[in-house]
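J.: These protein sequences, in sequence, are chains A and V.
The first sequence runs 55 to 240 under the working numbering.
The second sequence runs 11 to 261 under the working numbering.
A virtual CB, placed ideally from N, CA and C, is assigned to each residue, including glycine.
None of the values given here were measured: they were computed from a predicted structure.
Structure in structure tokens, see below.
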Amino acid sequence: MAPGLKDIIESLIFVSLEPLSLEKIKATLSDHPPEEVEQALQELLQTTVSAERGITIIQSGGGYVFTTRPEFDPWVRRFLKIDRKSKLTSASLETLSIVAYHQPITLSEISALRNVDSSYTIKTLLEKKLVKITGRKKSPGNPLIYRTTERFLAYFGLNSLEELPTEEEIAKILGEDKTVEQATKP
Amino acid sequence: MNDLPLREMEASESYQVRLEVFEGPLDLLLFLIRKKKIDIHNIPIAVITREYLEYLGREEQINLDREAEFVLMAALLIHIKSQLLLPREQPLTEGEDPRRFLVDQLVEFQKIKAACSILKEREEEQLSLWTREVLPPLPEPGEADLVEVSLFDLAETFFVLMKRKEAENFRVFRGKNYSVEEKMKEIIATLEKESVLDFLEYFNRQETLEEAVVSFFSLLELIKARLVMAVQERLFQTIKVWLRRESKARQ
Chain A
55 MAPGLKDIIE
65 SLIFVSLEPL
75 SLEKIKATLS
85 DHPPEEVEQA
95 LQELLQTTVS
105 AERGITIIQS
115 GGGYVFTTRP
125 EFDPWVRRFL
135 KIDRKSKLTS
145 ASLETLSIVA
155 YHQPITLSEI
165 SALRNVDSSY
175 TIKTLLEKKL
185 VKITGRKKSP
195 GNPLIYRTTE
205 RFLAYFGLNS
215 LEELPTEEEI
225 AKILGEDKTV
235 EQATKP
Chain V
11 MNDLPLREME
21 ASESYQVRLE
31 VFEGPLDLLL
41 FLIRKKKIDI
51 HNIPIAVITR
61 EYLEYLGREE
71 QINLDREAEF
81 VLMAALLIHI
91 KSQLLLPREQ
101 PLTEGEDPRR
111 FLVDQLVEFQ
121 KIKAACSILK
131 EREEEQLSLW
141 TREVLPPLPE
151 PGEADLVEVS
161 LFDLAETFFV
171 LMKRKEAENF
181 RVFRGKNYSV
191 EEKMKEIIAT
201 LEKESVLDFL
211 EYFNRQETLE
221 EAVVSFFSLL
231 ELIKARLVMA
241 VQERLFQTIK
251 VWLRRESKAR
261 Q
């Protein structure tokens, strides 16, 4: 393996504005065989993850990014003067997961699934750029169609929609609920 | 490692008392079904309706903005019950159940809720990871706090501008043709010369409505092709269009 390849990749991830995808790394290092690049990246990830440093590299939003380690969150927040992290409200989270699982989807379909008018919630999500409008549905009224964005993936640390909680994971949670209920039964 | 800021620790670990507020009718129904340990596929409508109405009375536990939707669900429950009670001219065929629609909705909603709880954990994890949020160096340094604008910001600004123009008696010429392709080239040429373009100013310079509309489409095409980038220094400030650095290198 070419010497320093690992460090080159590290520098690329460092300057990249968006999560840096493997394709982009390979394209930049086109003078090296792709297998070597991949190997160097793996090595870089291993050393970074095991190193006792304040920052690490994670795979999120379809690429690699530098982040601080979770255990240093309190200090980072103190430094940035962010007291409390603003989390999504349960209405937002609900609407967002409906869009994620049922996309492409219209507002009335979302509202029907929630049994709650969701126009305000979808507006907040649009503003947060967690969902986007991708067109209109060819049905009466030509309603707008919504999809989740790249930012949505990055927000939850997902690389693609395939990484959303699976049917099995969901079934497990529902199953756990049931066992709890059974246990508490008199 | 040991001197974790005390105040933050307390804040994150202290026990928070928070009354559960039901966001919507399905939320409340699921809660009742669980509380009463009811089989979701075989809901005793009378029992659940009584419980439901009782909760509706305790207003502090439901999201009051959603009151109409809660009442609508109560009506649906009563309607289902009446369908179950009333004699029918033709007996229900096998598998047909007035509760079916509601059950399907509840089952799906339950899944979504479960997915939400997983996503919530992920959100928590991700929120403790911090990344740098900056844009690559731009032609003029020192312009911090740039926000890349969305299609909506652009469209909104454009419409506001057109409204204003309308008031100024915007001239409509017929016969002169503008093509998106040519406009795109023109915008790129301007950007290469001046490196930056003020969105508002640029459209103010357009002579006719048609030209302005074509220009707007061209700009959208350029943004889509990732040749240019529309950024805003701060919210509510003018939108500026830059040539993307990579695209410069390519040419």
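Does DSSP classify residue 140 of chain V as helix, strand or coil?
T.: In this structure, residue 140 of chain V counts as coil in the three-state DSSP scheme.
J.: Return helix, strand or coil for residue 200 of chain V, following the three-state DSSP convention.
T.: Helix, per DSSP.
J.: If you measure from the beta carbon of residue 140 of chain V to each beta carbon in chain A, is any gap under 8 Å?
T.: Cβ-Cβ to chain A under 8 Å: yes for residue 140 of chain V.
J.: Residue 246 of chain A bridges to which residues according to DSSP?
T.: Outside the shown range of chain A, which is 55 to 240, sits residue 246 of chain A, and nothing can be said about it.
J.: What are the residues of the stretch 83 to 95 of chain A that lie near chain V, defined by any Cβ-Cβ distance shorter than 7 Å?
T.: Correct list: empty, as no residue qualifies.
J.: Between A/104, A/177, A/81 and A/59, which lies nearest to residue 123 of chain A when the distance is taken from Cα to Cα?
T.: Measuring from the Cα of residue 123 of chain A, the nearest candidate turns out to be A/104.
J.: Rounding to the nearest angstrom, what Cα-Cα distance links residue 118 of chain V and residue 167 of chain A in this structure?
T.: Rounded to whole angstroms, residue 118 of chain V to residue 167 of chain A spans 8 Å at the Cα level.
J.: So residue 227 of chain A and residue 128 of chain V are in contact, right, with Cβ under 8 Å, and what is the actual spacing, rounded?
T.: So it is a contact: roughly 7 Å between Cβ atoms.
J.: Using a Cβ cut-off of 9 Å, pull out every chain V residue sitting near residue 155 of chain A, in sequence order please.
T.: Per Cβ cutoff of 9 Å: 121, 122 and 125.
J.: Are there three or more Cβ pairs, one per stretch, closer than 8 Å when the stretch 114 to 132 of chain A is compared with the stretch 87 to 94 of chain A?
T.: Not touching, per the Cβ criterion.
J.: Closest to residue 96 of chain A by CA distance: which of A/151, A/201 and A/64 is it?
T.: Per the Cα distances, A/64.
J.: Mind listing which residues of the stretch 36 to 70 of chain V have their C-beta closer than 8 Å to chain A's C-betas, in chain order?
T.: Listed in sequence order: 36, 44 and 47.
J.: Using a 10 Å radius around the Cβ and a threshold of 16 neighbouring Cβ atoms, would you call residue 193 of chain A buried or exposed?
T.: Residue 193 of chain A comes out exposed.
J.: Comparing C-alpha positions only, which one of V/80, V/167 and V/138 sits nearest to residue 223 of chain V?
T.: Ranking V/80, V/167 and V/138 by Cα distance to residue 223 of chain V puts V/167 first.
J.: Taking only three categories from DSSP, how would you classify residue 2 of chain A?
T.: A query on residue 2 of chain A cannot be resolved here, the shown segment of chain A reaching from 55 to 240 and no further.
J.: With distance defined between alpha-carbon atoms, name the residue in V/55, V/36, V/77 and V/62 nearest to residue 107 of chain V.
T.: Minimum Cα distance to residue 107 of chain V is reached at V/55.
J.: Determine, using beta carbons only, whether residue 211 of chain A comes closer than 8 Å to chain V.
T.: Yes, residue 211 of chain A counts as interfacial toward chain V.
J.: Between residue 137 of chain V and chain A, is there a C-beta pair that is closer than 8 Å?
T.: Yes, its Cβ sits closer than 8 Å to a Cβ of chain A.
J.: Which first and last residues belong to the alpha helix (DSSP H) in which residue 209 of chain A is found?
T.: Looking at the DSSP string, the run of the alpha helix (DSSP H) that includes residue 209 of chain A is 204 to 209.
J.: Check each candidate in A/76, A/139 and A/93 and name the one with the smallest Cα separation from residue 113 of chain A.
T.: Of A/76, A/139 and A/93, the residue nearest in Cα terms is A/76.
J.: Please list the partners that residue 148 of chain A has in chain V, where partner means a Cβ-to-Cβ separation under 9 Å.
T.: Simply 33, 34, 37, 119, 122, 123 and 126.
J.: Can you give the Cα-Cα distance for residue 251 of chain V and residue 32 of chain V, rounded to whole angstroms?
T.: Answer to the nearest angstrom: the Cα atoms are 45 Å apart.
J.: Is any beta-carbon of chain A found at less than 8 Å from that of residue 109 of chain V?
T.: No, its Cβ sits nowhere closer than 8 Å to a Cβ of chain A.
J.: Are residue 173 of chain A and residue 184 of chain A closer than 8 Å when you measure CB to CB?
T.: Cβ distance not < 8 Å, so residue 173 of chain A and residue 184 of chain A don't count as in contact.
J.: Are there 16 or more other CB atoms within 10 angstroms of the CB of residue 208 of chain A, so buried, or fewer, so exposed?
T.: Answer is buried; the Cβ neighbour count reaches 16.
J.: Less than 8 Å separating the beta-carbons of residue 249 of chain V and residue 170 of chain V?
T.: In this structure, residue 170 of chain V does not lie closer than 8 Å to residue 249 of chain V by Cβ.
J.: Between residue 103 of chain A and chain V, is any beta-carbon pair separated by less than 8 Å?
T.: Not closer than 8 Å to any Cβ of chain V, the Cβ of residue 103 of chain A fails to qualify, so no.
J.: I'd like to know if residue 231 of chain V contacts chain A, where contact means its C-beta is closer than 8 Å to some C-beta of that chain.
T.: Not one chain A Cβ lies under 8 Å of residue 231 of chain V.
J.: Out of V/97, V/142 and V/194, state which residue places its alpha-carbon closest to the alpha-carbon of residue 71 of chain A.
T.: Minimum Cα distance to residue 71 of chain A is reached at V/142.
J.: Within the same chain, show all residues whose beta-carbon is closer than 6 Å to that of residue 92 of chain A, passing over the 5 residues directly before and after it, in chain order.
T.: Same-chain partners within the cutoff: there are none.
J.: DSSP three-state call for residue 85 of chain V: helix, strand or coil?
T.: It is helical.
J.: Would you give the residue range spanned by the alpha helix (DSSP H) that residue 108 of chain A belongs to?
T.: Residue 108 of chain A -> no alpha helix (DSSP H), and no H or E assigned at all.
J.: Determine whether the Cβ of residue 194 of chain V lies closer than 8 Å to any Cβ atom of chain A.
T.: Chain A contact via Cβ: absent.
J.: Excluding the 5 residues preceding and the 5 following residue 58 of chain V in the sequence, name in chain order all residues of the same chain whose CB lies nearer than 8 Å to its CB.
T.: Cβ within range, chain order: 39, 42, 43, 46, 48 and 87.
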